[in-house]
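With the working numbering applied, the sequence shown covers 431 to 678.
All C-beta atoms, glycine included, are put in the ideal place defined by N, C-alpha and C.
None of these values were measured; they are calculated from a predicted model.
To keep things clear, I will list the structure first and then write my remarks on it.
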Amino acid sequence: MTTWIISDLHLCAQRPAVTQAFLHWLATDVAHAEALYILGDFFEVWVGDDVLDDAVHGAEFQPVVDALRRLSDSGVKLYFMHGNRDFLIGERFAQACDMQLLADPALIQPGEKRIVLSHGDALCTDDLAYQQFRTQVRSSQWQQAFLAQPLAARIAFAEQARSQSTQNKAMQPVDIMDVNPSAVVQLLREYDYPKVLLHGHTHRPDVHALSVDGHACERWVLGDWHDTAVVCRLDGNTIALVTLQLDE
Ligand code: LP5
Ligand code: MN
């Protein structure tokens, strides 16, 4: 039985082809899978689950919710971990899709392997401005105050945050936006040296071999979804990165 792990789709109304490709992939490759793990940045932005009630924005997301629900009803187990764009996905959205929310990081044990899953943003510890922002927006106090604002105001805040983030990224060295090696080592140690750490966020798909306190570990990085997507496929003890062609 196959398990798929994906991240960084950045689904949004501006790129309908990616949503269409994702729905097609669900109906084909994933239809008979055992499980699907979505490791965050599934949506370009998510400002609260009540967006599902909104006439315009709700309609945009409903086909995705319906497809995930159908998949779950047919027996595929669905798991979701937050990314830095969709950390406001809540229980209501998860229940609509019949998806289980996972903490970041999370350990899974398919076959005989132990795999630690993460979105990846928490590992970018050199990016101090981002880590400060992350601490603030992951606090329940900030989230309660934010979610209490009208939807239109939240959408406007998200747009400002996106443009500020784009400006910031253009000005800072690319290296600080990758994972910090010590943060990776610390996480692998905490989990007692699992064979694999798998994450997204950096959009730098690759497999990195590393030795941690004499243990052979690997860091697997997923890719984002544009013309192609790099996803992970698990079959028993076999793990592989698979490139999907989205423009067919
Ligand atoms: O996302 P990306 O790839 O551009 O860059 C990320 C880090 N940036 C972010 C910020 C998000 O893009 C913002 C959108 C989230 C929407 C969520 C819902 C609504 C929340 C509203 C918040 C007010 O995650 C970027 C990293 C990069 O990854 C690489 O790891 O470098 O981090 C930054 O750029 C650091 C900045 O400090 C981020 C701060 C932006 C928000 C500032 C608040 C603006 C609100 C204005 C209110 C008056
Ligand atoms: Mn991300």
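Query raised in the report: Skipping 5 residues on each side, what residues in its chain have a beta carbon closer than 6 Å to that of glycine 520?
Result: Closer than 6 Å at the Cβ level, and outside the excluded window around glycine 520, lie Asp479.
**Report entry** Collapsed DSSP secondary structure at cysteine 527 in the structure displayed
**Finding:** Three-state result, cysteine 527: helix.
Query - the region 452–464 / the region 492–500 touching (three or more Cβ pairs under 8 Å) - result: Yes, the region 452–464 touches the region 492–500.
Query - Ordered list of beta strand (DSSP E) runs contained in the region 607–663, each at least 3 residues - result: Counting only runs of 3 or more, we get 626–629, 636–642 and 645–651.
Query - Inter-residue CB distance, histidine 631 and aspartate 471 (contact presumed, cutoff 8 Å) - result: Yes, histidine 631 and aspartate 471 are in contact; Cβ-Cβ is about 7 Å, under 8 Å.
Query raised in the report: Just curious, the beta strand (DSSP E) that phenylalanine 510 is in, first and last residue?
Result: Here the beta strand (DSSP E) through phenylalanine 510 covers 507–511.
Query raised in the report: If valine 651 and aspartate 636 are in contact, beta carbons under 8 Å, what's the gap, nearest whole angstrom?
Result: The pair is a contact, with the Cβ atoms about 5 Å apart (cut-off 8 Å).
Query - Beta-carbon proximity list for histidine 638, same chain, < 6 Å, skipping 5 on both sides - result: Here the set comprises Arg649.
Requested in this report: Leaving out five residues on either side along the sequence, give the residues of the same chain with a beta carbon under 8 Å from the beta carbon of leucine 482.
Outcome: Non-local C-beta neighbours of leucine 482 in its own chain, meaning closer than 8 Å and more than five positions away in sequence, comprise Gly488, Phe491, Gln492, Val495, Arg522, Phe523 and Ala526, ordered along the chain.
Query raised in the report: Does the region 533–546 come within contact of the region 611–625, defined as at least 3 CB pairs closer than 8 Å?
Result: By the Cβ criterion, the region 533–546 is in contact with the region 611–625, since at least three pairs of Cβ atoms, one from each stretch, lie closer than 8 Å.
Requested in this report: Go through the residues and name those whose CB comes closer than 7 Å to any heavy atom of the ligand FAD, in chain order.
Outcome: Ligands in the displayed structure: the ligand LP5 and the ligand MN; the ligand FAD is not one of them.
Requested in this report: Please list, in chain order, all residues of the same chain as alanine 465 whose beta carbon is under 8 Å from its beta carbon, the five residues on each side excluded.
Outcome: Cβ within range, chain order: Thr433, Trp434, Val506, Lys507, Leu508 and Tyr509.
Report task. Quick one: using the 10 Å Cβ neighbour count with 16 as the cut-off for buried, is methionine 695 buried or exposed? Result -> The requested residue 695 is not part of the displayed model; the chain covers only 431 to 678.
Report task. Take the Cβ of serine 570 as the centre, count every other Cβ of all protein chains shown within 10 Å, and call the residue buried at 16 or more, exposed below. Result -> By the neighbour-count definition (other C-beta atoms within 10 Å, threshold 16), serine 570 is an exposed residue.
Report task. Look at glycine 550 and leucine 469 and say whether their C-beta atoms are less than 9 Å apart. Result -> Using a Cβ distance threshold of 9 Å, glycine 550 and leucine 469 count as a contacting pair.
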